[in-house]
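Heads up, the thing below is written out as structure tokens.
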Amino acid sequence: PRVNIVMATRPPYSRSLPKPLPSSPMLNGLNSLNFGREKSEMARNLSKQNTAQRSLFACVEGGGQSWLVLVSEGVDPPKEIDSCRFETTEMKDGKLVSREAGDVIQDCVSWLKVFESRHGKVTSIGIVSFGPVDLNHHSHTFGYITTTPKKGWQGTDVVGPFARAFKGTPIGFDTDVNMVAVSEYKYGGHAEGISSSAYITVGTGIGVGMCTNGKAIHGLVHPEGGHIRVPRYKAPEGLKADWLDENGYDNYSGNCQFHCKDAKGNSKLYPCVEGMANSDAIADRLGILKKKLKDVPDEDPVWDLVAYYLAQLCASITFLSSPEVIVIGGGVMNREVLYPKIRHHFKYLLGEYFVHKEYNVNIDKYIARSKFDKVEGHVHAGVMGGLELARRVWELSDKFAIQKQSMQIAQLQQALIAKDAESHTLHKFVPQPQSFGFSPVGMLTLGLGAGCGAALTIGLMLRAFRPSSN
């Protein structure tokens with residue numbers, strides 16, 4: 013698969029030794045001959061080596077409000093060893109201000125170095141971040157966050173600090189949503205046999221990741237579906253709200269500096285989904301702080317507006333790429349009433365153009381929530397994406413190829429030892445000629461004697477039947 017890697021690496025390889033040969037009376041002498049696998053010197057050494065070489069995958073997940081570093085032993089299932097979250101804001105002089113982006117990245121690097129000093133070297137690192145990011149290895153800004161709307165993060169080198177601090181460690185880099193789409197396809201527990209998925213995150217921004225044939229979609233850049241332009245929301249007849257104009261249309265100007273206002277500051281007729289439905293846009297319409305959104309009741313009509321914009325996004329994804337499942341997550345989607353509202357608007361937008369049952373009867377499985385959003389702890393959908401990226405770059409690395417070859421050689425050696433043991437055992441238990449008291453010379457004598465006796469008998473018979481001369 014096409015994966016962005018700073019240095020190649022790959023996933024956990026099965027380190028189990030070959031299964032023991034089945035027990036039988038003929039092989040009971042194995043242990044007495046010291047060929048038993050459990051007693052093998054090589055087996056004991058390999059066991060120690062494999063314990064020391066456990067796969068510790070590190071995920072670095074970048075978000076608008078915080079960055080999370082988590083190390084897991086394995087991916088399927090993940091086993092969190094340790095984690096730490098670093099906020100992108102801090103209090104200064106009684107005010108909440110943004111931290112320097114470079115300081116946040118360096119905090120992540122420093123924490124991971126301390127982790128290695130305590131637990132051993134990590135196998136690989138998967139870095140997943142909000143975008144846009146530069147994924148072109150031939151670009152001088154590979155590994156950078158580029159033209160993001162998030163203030164203070166434009167032109168931030170994300171991969172560089174990790175590559176310098178963890179030389180020789182494989183590092184993967186992709187958008188957070190792209191790798192979540194991949195992990196949802198692989199581990200999400202959706203329809204059996206699927207090969208494609210889409211993931212939408214709704215929080216301070218709105219991002220879209222796409223997975224086809226088990227691989228994240230890349231092109232000149234990467235998918236940025238959150239910036240698809242859509243018609244403004246039209247409220248049901250009779251609904252009144254401060255964020256509606258006299259004709260019932262959404263009058264919020266939008267908060268995306270790229271797609272919601274023109275050069276003169278006038279609102280555009282077709283703004284982007286992110287600028288109209290992210291957490292800031294919802295709070296602005298209601299005139300409250302973002303942290304107060306959790307107190308807004310489910311019955312508030314603003315949630316129908318949010319669902320409409322997200323349904324427009326789902327419809328565009330369906331018409332363009334037809335994934336087998338669309339998973340929606342992120343902080344705003346903790347409002348579970350949004351899911352049935354999105355499905356309702358989606359069916360209306362599709363009309364009757366498609367007749368597939370997934371769009372109608374099984375729509376709750378087509379537009380779904382990630383199972384990882386309900387898991388306790390830090391291993392949510394975004395982290396699974398980062399861990400899967402770390403696993404994939406490890407799988408692609410030369411180190412993994414060498415390790416796999418070494419393990420195959422070790423397994424072959426163990427198989428040869430077992431085969432040798434089997435031959436010794438068979439030699440011990442199969443009856444030998446000596447068991448009957450015959451030596452090789454005796455056997456030769458017996459054969460010659462039998463042959464001479466047979467010849468003498470035949471001669472006598474011929475003589476008995478010879479016609480008489482008289």
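In my numbering, the protein residues as written are 13 to 482.
Glycine residues also receive a C-beta, built at the ideal position from the N, C-alpha and C atoms.
Identified DSSP bridge partners for Val140: Glu73 and Asp186
Close beta carbons around Val83, own chain, < 8 Å, minus the five adjacent residues each side: Leu68, Phe69, Ala70, Cys71, Glu92, Ile93, Asp94, Ser95, Leu124, Phe127, His131 and Val134
Rounded C-alpha distance that separates Arg241 from Ile294: 18 Å
7 Å CB neighbourhood of Arg66 in its chain, flanking five on each side removed: Glu85
Among Gly184, Phe366, Asn263 and Ile338, the one whose alpha carbon lies nearest that of Ala247: Asn263
C-alpha distance - Tyr320 paired with His356, whole-angstrom precision: 9 Å
Cβ-based burial, Tyr211 [other Cβ within 10 Å; buried from 16]: buried
The region 390-402 / the region 178-194 touching (three or more Cβ pairs under 8 Å): yes
Gly394 beta carbon less than 7 Å from that of Glu99: no
With 16 other Cβ atoms within 10 Å as the buried cut-off, status of Ser195: buried
Residues that Ala228 bridges to, as DSSP identifies them: Cys223
When Val140, Pro89 and Val87 are compared against Phe76, the one with the closest alpha-carbon: Residue identity differs from the one stated: residue 76 is Gly in this sequence, not Phe. Of the listed residues, the one whose Cα sits closest to Gly76 is Val140.
Sequence-distant residues of its chain with Cβ nearer than 8 Å to Glu236 (five each side left out): Gly143, Pro144, Gly219 and Val220
Beta-carbon gap between Ser207 and Ala193 smaller than 7 Å: no
Of the residues Asp105, Asp146 and Leu80, the one placed nearest His234, counting alpha carbons only: Asp146
Limits of the alpha helix (DSSP H) - the one that Arg404 falls within: Ala393 to Glu407
Same chain, Cβ closer than 6 Å to Met345, neighbours up to 5 away in sequence not counted: Val214
Beta-bridge pairing of Ser483 - partner residues as DSSP gives them: Not covered by the structure: residue 483. The range shown for the chain is 13 to 482.
Assigned exposure category for Ile157 - 16 Cβ within 10 Å defines buried: buried
Identity of the residues DSSP links to Thr168 by a beta bridge: Ile157
CB of Cys223 within 7 Å of CB of Tyr197, strictly: yes
Test item: CB-CB of Cys120 and Trp165 under 7 Å: no
Contact under 7 Å by Cβ, Gly184 with Val171: no
Option nearest Asp310 by Cα separation, candidates Val87, Lys353, Thr153 and Arg176: Lys353
Residues near Arg244 in its chain [Cβ-Cβ closer than 6 Å; skip 5 each side]: Tyr261 and Asp262
Simplified DSSP state of Ser333, which is helix, strand or coil: helix
Cutoff 7 Å; reference Leu251; Cβ partners in own chain excluding five residues on either side: Gly260 and Pro313
Pair within 7 Å by beta-carbon distance, Val483 and Ala380: For residue 483 there is no data in the structure shown, the boundaries of the chain being 13 and 482.
Per DSSP, cross-strand counterpart(s) of Val109: Glu102
Spatial neighbours of Ala323 in its chain, beta-carbon cut-off 7 Å, leaving aside the 5 residues before and after: Ile354, His357, Phe358 and Leu361
Cut-off 8 Å between Cβ atoms - residues of its own chain near Lys136, not counting five sequence neighbours on either side: The question names Lys, yet the displayed sequence has Ser at residue 136. So the qualifying residues of the chain are Thr21, Arg22, Phe69, Ala70, Thr181, Pro182, Ile183, Gly184, Ala402, Arg403, Val405, Trp406 and Ser409.
Stretch pair the region 419-427 + the region 107-122: three plus CB contacts closer than 8 Å: no
Nearest to Val81 (by Cα), restricted to the options Lys163, Ala203 and Phe174: Phe174
Where Ala327 falls, given that 16 or more other Cβ within 10 Å makes a residue buried: buried
Gly341 - DSSP class collapsed to helix/strand/coil: strand
C-beta contact flag for Ser382 and Gly341 at 7 Å: yes
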